[in-house]
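Residue numbers (full-length UniProt numbering): 1 to 311.
Everything on this sheet refers to the single structure shown next.
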């Protein structure tokens, strides 16, 4: 028998003994005892050099439609994975991720992440700006360089629930306290504390009655303030700001600085929109049976802007 005939017989014998497809055995449980390096399942052992090719993860839906992928969205066609050994993006999906040197890169998503990060930074900056500016504005509205706060002159806390004052108000009403005059801050503070105590104990008010008071020291003092209804003139408390000159001015005029600081309080109320721009200025004696703010001061009040003869 020749060598060629022998080779042909071997080939034919191998074909005739080719095993048919064998069904994999099903194992429900396995017990291993005192063993090392035990493996369950398939195990592939490669001997020799191994070449790992770069693959492209494509959009699963698009590739399924084209019939080009296996499960997991990996390209079947090696020409679509690598061309001339160079990585390429999928021509079908611009968002295709790809692997280079062990790193996963996303072409468009990185740009989207940058856009989102930029938007978040802008929003945070805006929030911080608002958080800084708003309290500063509110603080400036609560305090003034020429108006001494309640805590600064030692005012007592209201003894009852305060009533909010709707603003801007249409009226500004001028009073005097009919007490001793004051020319320095210590005297004025003592007068204010006395007036508050008198109003709360003798008149049963829950606080000093005026919204603001002005002293002969050229200082304004916070009473109930801009946003709380006063108790200075019945029938007008809910629609006016009551400002009282500390002292008695039936026969004498208050010092110029006391008049000037009163007008500054009115201007601040206009600037901060607590007083209507078309407000009416009145003296208490025009609306009730009282001498307030005193004949001498009343004569001067009638020369101020916005004074009206009738409410």
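Even for Gly, the Cβ is constructed at its ideal location relative to N, Cα and C.
Please name the residue in 252, 209 and 238 whose C-alpha comes closest to that of residue 232.
Scanning 252, 209 and 238 for the CA closest to the CA of residue 232 turns up 209.
So, residue 163 versus residue 222, is the Cβ gap smaller than 7 Å?
Between residue 163 and residue 222, the CB-CB gap reaches or exceeds 7 Å.
How should residue 172 be labelled, buried or exposed, when 16 other C-beta atoms within 10 angstroms of its C-beta is the threshold for buried?
With 16 or more Cβ atoms within 10 Å of its Cβ, residue 172 is classed as buried.
Rounded to whole angstroms, what is the Cα-Cα separation between residue 155 and residue 198?
Near 13 Å, if we compare the C-alpha coordinates of residue 198 and residue 155.
One question on the structure: do residue 249 and residue 296 come within less than 7 Å of each other, judged by their Cβ atoms?
Yes; because the gap between Cβ atoms is below 7 Å, this pair is in contact.
Selected residue, minimal CA-CA separation from residue 218, among 277, 204, 157 and 258
Residue 218 has its Cα closest to that of 258, out of 277, 204, 157 and 258.
Residues of its chain near residue 235, where Cβ-Cβ distance is below 7 Å and the 5 sequence neighbours each way are ignored:
Excluding residues up to 5 positions away in sequence, nothing lies with its Cβ nearer than 7 Å to the Cβ of residue 235 in the same chain.
If you run the structure through DSSP and keep just helix, strand and coil, what is residue 302?
In this structure, DSSP gives residue 302 a state outside helix and strand, which the three-state scheme calls coil.
Evaluate residue 245 with the Cβ neighbour count: other Cβ atoms within 10 Å of its Cβ, from every protein chain shown; 16 or more gives buried, anything less gives exposed.
Buried.
CA nearest to the CA of residue 305, picked from 262, 274 and 273
Considering only alpha carbons, the answer is 262.
Once DSSP output is grouped into helix, strand and coil, what is the label at residue 278?
Under the three-state reduction of DSSP, residue 278 is assigned to strand.
Compare the C-alpha of residue 196 against each of 179, 254 and 276 and name the closest.
For the residues 179, 254 and 276, the minimum Cα distance to residue 196 belongs to 179.
Look up residue 30 in the DSSP assignment and say whether it is helix, strand or coil.
Residue 30 falls in the coil class under three-state DSSP.
N- and C-terminal bounds of the beta strand (DSSP E) containing residue 242:
Boundaries of the beta strand (DSSP E) harbouring residue 242: 240 to 245, taken from the DSSP string.
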